[in-house]
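Remember, our numbering sits 41 above the position in the sequence shown when you count from 1.
Note that the Cβ used here is the ideal one computed from N, Cα and C, for glycine as well.
Source: prediction; values computed, not measured.
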Amino acid sequence: MALKFGLPSFQEVLQTVLSDMAIEKVFLAEEIKIQNSSQLQVILKALPDDVEIIYFSHEEFKIQTQTSKAIIRSGEVTPFSNIILQSAVIF
42 MALKFGLPSF QEVLQTVLSD MAIEKVFLAE EIKIQNSSQL QVILKALPDD
92 VEIIYFSHEE FKIQTQTSKA IIRSGEVTPF SNIILQSAVI F
């Protein structure tokens with residue numbers, strides 16, 4: 042999906058996915074808290090209030106992606122702008 046650096050942005054992709062998907066859990070790298078706090082604030086603002094947020098190390102995050110069912114690559118180039126979304130049941 043990435044066309045070039047910054048396009049589409051992480052935020053654009055996240056908003057699009059969230060508009061069409063019910064989320065029950067979100068997984069983020071702990072490092073985002075310090076190394077990309079502005080992106081973290083955008084993520085937190087975009088998520089529904091009842092979504093559980095789990096943080097773990099970036100190394101553990103990479104391991105967790107090995108069992109992901111789908112991966113969307115944005116054009117984002119800021120550090121730790123990665124997220125795992127766990128789908129909720131909508132019926």
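Whose C-beta lies closer than 6 Å to the C-beta of residue i among residues of the same chain, with five residues either side of it excluded?
i: Val83; result: Gln52
Do the CB positions of residue i and residue j come within less than 8 Å of each other?
i: Leu55; j: Ala87; result: yes
i: Phe102; j: Phe68; result: yes
i: Met42; j: Ile94; result: no
Is there a Cβ of chain B sitting closer than 8 Å to that of residue i, yes or no?
i: Glu71; result: Here chain B cannot be found, since the structure has a single protein chain.
Using a Cβ-Cβ cutoff of less than 7 Å, which residues in the same chain neighbour residue i once the five nearest sequence positions on both sides are dropped?
i: His99; result: Ala70, Glu72 and Phe121
i: Gln105; result: Phe68 and Ile125
i: Gln76; result: Pro120 and Phe121
For residue i, which residues in the same chain have their Cβ closer than 8 Å to its Cβ, ignoring the five residues on either side in sequence?
i: Lys74; result: Leu81 and Tyr96
i: Val118; result: Phe46 and Gly47
Assuming residue i contacts residue j (C-beta within less than 8 Å), just tell me the rounded distance between them.
i: Gly116; j: Leu44; result: 6 Å
Taking contact to mean at least 3 C-beta pairs separated by less than 8 Å, is the segment 61-70 in contact with the segment 123-132? yes
Cβ pair count under 8 Å reaching 3, the segment 74-93 against the segment 110-125: yes
If we require 4 or more residues per run, which alpha helix (DSSP H) segments fall completely within the segment 47-131? 51-59, 73-76, 78-87 and 99-105
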